[in-house]
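This is how it looks when you write it as structure tokens:
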């Protein structure tokens, strides 16, 4: 039981490049979330999904797209990376709402030059 | 505008003493609160939570207090241990119960 895993762990992009971050969970959780963590800003919600085939915007969705084609996977895409998207990205999942606990992945450190 | 605020970016305490981490919120509709702990290069892990119908919840060395009228919660760690050194985030659940809003975090350093 791996819990929540994220791929890749590190990535460096040039401005304008695109990439996809993959989140996978093996806990059969319905709800999945993408956050970014910046110094002093805590964790800010980018997008989330309440089930396979559904997505919704969070607090800071601009510049990102997501897809949830399979229940266990939640993908975060950057179509044209900008230096402002340099951050640590965390994926999380939870089995039900109300959310009494979220389970987090180890994070992806992204640098955009 | 941050709805959940942790005004102390860092806190240093001596091993064996009490650590008190504070969190304030502005949205009176929040009715469930959580604390997460985060070590470097790892994802946050759940620590303790409290429902708005309670004013205290205790789990071993960790106690969370909630003051609804002041929109304030605090996490007490007694006694503090060097292994408690980490970043602590408070979080509040939204009305629909499907999202958490996090504070900016407090870095706790427990000195041996």
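Chains as they are written, first to last, in this note's numbering: chain A, 1 to 113; chain B, 1 to 112.
Beta carbons are placed, not taken as given, at the ideal position from N, Cα and C, and that holds for glycine.
* Starting from the Cα of residue 4/A, find the closest Cα among 93/A, 43/A, 98/A and 100/A and give me that residue. => Residue 93/A is the option with its Cα nearest to residue 4/A.
* Asked: Per DSSP, which one or two residues make a beta bridge with residue 88/B?
  -> 37/B and 106/B
* Taking DSSP as the reference, what is the three-state secondary structure of residue 37/A? -> strand
* Minimum Cβ-Cβ distance from residue 74/A to chain B less than 8 Å -> no
* Starting from the N-terminal side, write out each stretch of the beta strand (DSSP E) that is 3 residues or longer and does not extend beyond the segment 49–87 of chain B. => With a minimum length of 3 residues, the continuous beta strand (DSSP E) runs that stay inside the segment 49–87 of chain B are 56–59, 62–67 and 72–77.
* Asked: On the three-state DSSP scale, how would you describe residue 14/B?
  -> In this structure, residue 14/B counts as strand in the three-state DSSP scheme.
* If residue 96/B and residue 25/B are in contact, beta carbons under 8 Å, what's the gap, nearest whole angstrom? -> Contact flag wrong, Cβ pair sits at about 17 Å.
* Asked: With DSSP run on the structure shown, which of helix, strand or coil describes residue 84/A?
  -> helix
* Under the assumption that residue 33/A contacts residue 85/A (Cβ atoms under 8 Å), give the Cβ distance between them as a whole number of angstroms. => That pair is no contact at about 17 Å.
* Residue of 33/B, 78/B and 37/B minimising C-alpha distance to residue 131/B -> Nothing can be reported for residue 131/B, as the shown portion of chain B is limited to 1 through 112.
* So, is the C-beta of residue 57/B closer than 8 Å to a C-beta in chain A? -> In terms of beta-carbon proximity, residue 57/B stays away from the interface with chain A, with every pair separated by 8 Å or more.
* Return the first residue and the last residue of the beta strand (DSSP E) that residue 68/A is part of. => Note, residue 68/A: premise wrong, no beta strand (DSSP E); not H, not E.
* Mapping DSSP to helix, strand and coil, what is residue 47/A? -> strand
* In or out: residue 10/A buried (at least 16 other Cβ within 10 Å) or exposed? -> exposed
* Segment contact flag, the segment 58–69 of chain A with the segment 28–45 of chain A, C-beta cutoff 8 Å, min 3 pairs -> yes
* Along the chain, where does the beta strand (DSSP E) that runs through residue 22/B open and close? -> 19–25 is the span of the beta strand (DSSP E), which, as asked, contains residue 22/B.
* Is the number of C-beta pairs between the segment 13–31 of chain B and the segment 81–89 of chain B that are closer than 8 Å three or more? -> yes
* **Reference residue 20/A; option with closest CA among 64/A, 49/A, 70/A and 36/A** => 64/A
* Ignore the nearest five residues each way along the sequence and tell me which others in residue 57/B's own chain have a CB closer than 6 Å to its CB. => 50 and 64
* Exposed or buried, residue 112/A, counting other C-beta atoms within 10 Å across all chains shown (16 or more means buried)? -> Looking at its Cβ environment, which holds 16 or more other Cβ atoms inside 10 Å, residue 112/A is buried.
* **Proximity test, Cβ basis, 8 Å: residue 32/B and chain A** => yes
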